[in-house]
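Number of protein chains: 2
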Amino acid sequence: MAEPTRLAILRQLAALPEVCACDFTSCTGVTQPTVSHHLKVLREAGWIVGERRGTWIFYRLAPDAARMLGTIAASVSPAQITPTDPSRRRLNVLQA
Amino acid sequence: MAEPTRLAILRQLAALPEVCACDFTSCTGVTQPTVSHHLKVLREAGWIVGERRGTWIFYRLAPDAARMLGTIAASVSPAQITPTDPSRRRLNVLQA
DNA sequence: CGACAGCATTGATACTTGTCCATATAGAAG
DNA sequence: CTTCTATATGGACAAGTATCAATGCTGTCG
Numbered sequence: 005m006a007e008p009t010r011l012a013i014l015r016q017l018a019a020l021p022e023v024c025a026c027d028f029t030s031c032t033g034v035t036q037p038t039v040s041h042h043l044k045v046l047r048e049a050g051w052i053v054g055e056r057r058g059t060w061i062f063y064r065l066a067p068d069a070a071r072m073l074g075t076i077a078a079s080v081s082p083a084q085i086t087p088t089d090p091s092r093r094r095l096n097v098l099q100a
Numbered sequence: 005m006a007e008p009t010r011l012a013i014l015r016q017l018a019a020l021p022e023v024c025a026c027d028f029t030s031c032t033g034v035t036q037p038t039v040s041h042h043l044k045v046l047r048e049a050g051w052i053v054g055e056r057r058g059t060w061i062f063y064r065l066a067p068d069a070a071r072m073l074g075t076i077a078a079s080v081s082p083a084q085i086t087p088t089d090p091s092r093r094r095l096n097v098l099q100a
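If you read the sequences in order, they're chains R and E. Using our numbering, read the first sequence as starting at 5 and increasing by one per residue. Using our numbering, read the second sequence as starting at 5 and increasing by one per residue.
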């Protein structure tokens with residue numbers, strides 16, 4: 005998802021409840037096949053979901069996109085120790 | 005930062021208070037020049053900070069790495085409306 | 001059925017970049 | 001100053017991929 009065009013798509017979806025596929029060409033500045041390609045990537049990665057209504061396909065953020073992002077964020081954030089769990093205190097002094 | 009080798013570096017730094025540059029070659033599986041290259045990228049992007057002590061350079065997560073991540077996460081997360089600010093309610097119905 | 005519009009796919013191309021080897025620089029120690 | 005170790009840099013190569021033009025597919029509407 006860390007790619008300019010895909011970020012533009014995700015940010016558009018973050019601002020609006022749902023977006024028609026044909027609208028992404030204008031907000032990304034790339035052609036329709038390229039948009040289709042990125043939508044496929046994001047769809048298969050589980051970031052977005054598409055729903056066909058007639059000729060159009062409306063996309064929205066996947067229900068647990070925020071949770072996925074949180075999981076990734078946690079893996080690269082300093083370990084936080086829950087004060088109610090003193091047994092894990094040693095994790096913080098893991099000095100190799 | 006979304007790149008396997010760089011993620012491995014960041015995760016190592018998330019688990020340990022500080023890591024010597026020479027230790028990243030083993031935990032990433034790439035050669036020393038490659039590690040040096042990625043450290044430079046992460047340093048210039050503001051994710052990590054390095055401190056030279058003698059011959060070694062010790063790296064740690066930048067103080068506001070977590071905040072940077074939060075900012076990015078927020079930009080691709082569904083807009084949340086603060087219940088105490090009804091004037092912004094219209095943002096949620098921005099249907100193009 | 002035929003025409004049209006939205007979306008997907010294919011093939012080709014060019015650009016990006018992660019990786020390595022070789023080498024240069026910086027600091028410490030003898 | 002010389003030597004050794006740690007890190008940085010330069011160049012080259014290959015893999016990945018973002019992009020587009022052309023085309024195919026799938027719905028909708030006369």
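Even glycine gets a Cβ: it sits at the ideal position worked out from N, Cα and C. Given the structure is predicted, the values throughout are model-derived calculations rather than measurements.
Nearest CB-CB separation between serine 30 of chain E and chain R: not below the 8 Å threshold. In this structure, alanine 18 of chain E lies near leucine 65 of chain E, with their beta-carbon atoms less than 8 Å apart. Judged by beta-carbon spacing, alanine 70 of chain R lies within the 8 Å limit of proline 82 of chain E, meaning their Cβ atoms are closer than that value. Counting only Cβ-Cβ distances below 7 Å, alanine 77 of chain E has contacts in chain R at Leu73, Ala77, in chain order. For proline 8 of chain E, the closest Cβ of chain R is not nearer than 8 Å. Neighbours of leucine 11 of chain E in chain R, taken as residues at a C-beta separation under 9 Å, are given in chain order as Ile76, Ser79, Val80.
Put simply, of E:Arg47, E:Phe28, E:Glu48 the residue whose alpha carbon is nearest the alpha carbon of valine 39 of chain E is E:Phe28. Straight-line spacing of the CA atoms in threonine 32 of chain R and histidine 42 of chain R works out to 11 Å. Neighbourhood of arginine 57 of chain R in chain E, by CB distance below 7 Å: empty, with the nearest CB roughly 14 Å away. Between leucine 20 of chain R and valine 80 of chain E, the beta carbon gap of about 13 Å keeps them out of contact (Cβ cut-off 8 Å). The DSSP-derived three-state label of glutamate 55 of chain R is strand. Straight-line spacing of the CA atoms in proline 37 of chain R and cysteine 26 of chain R works out to 11 Å.
In the displayed model, valine 23 of chain R falls within a strand according to three-state DSSP. For leucine 65 of chain E, the neighbours in chain R by C-beta distance under 9 Å run, in chain order, Val80, Ser81, Pro82. In terms of Cα proximity to threonine 59 of chain E, the closest of E:Val45, E:Cys24, E:Trp51, E:Ser30 is E:Cys24. Close partners of leucine 14 of chain R in chain E (Cβ separation under 7 Å): Val80. The beta carbon of proline 8 of chain E is closer than 6 Å to none in its chain, skipping five residues each way along the sequence.
Here tyrosine 63 of chain R is actually not in contact with glycine 50 of chain R; their C-beta atoms are around 13 Å apart, not less than 8 Å.
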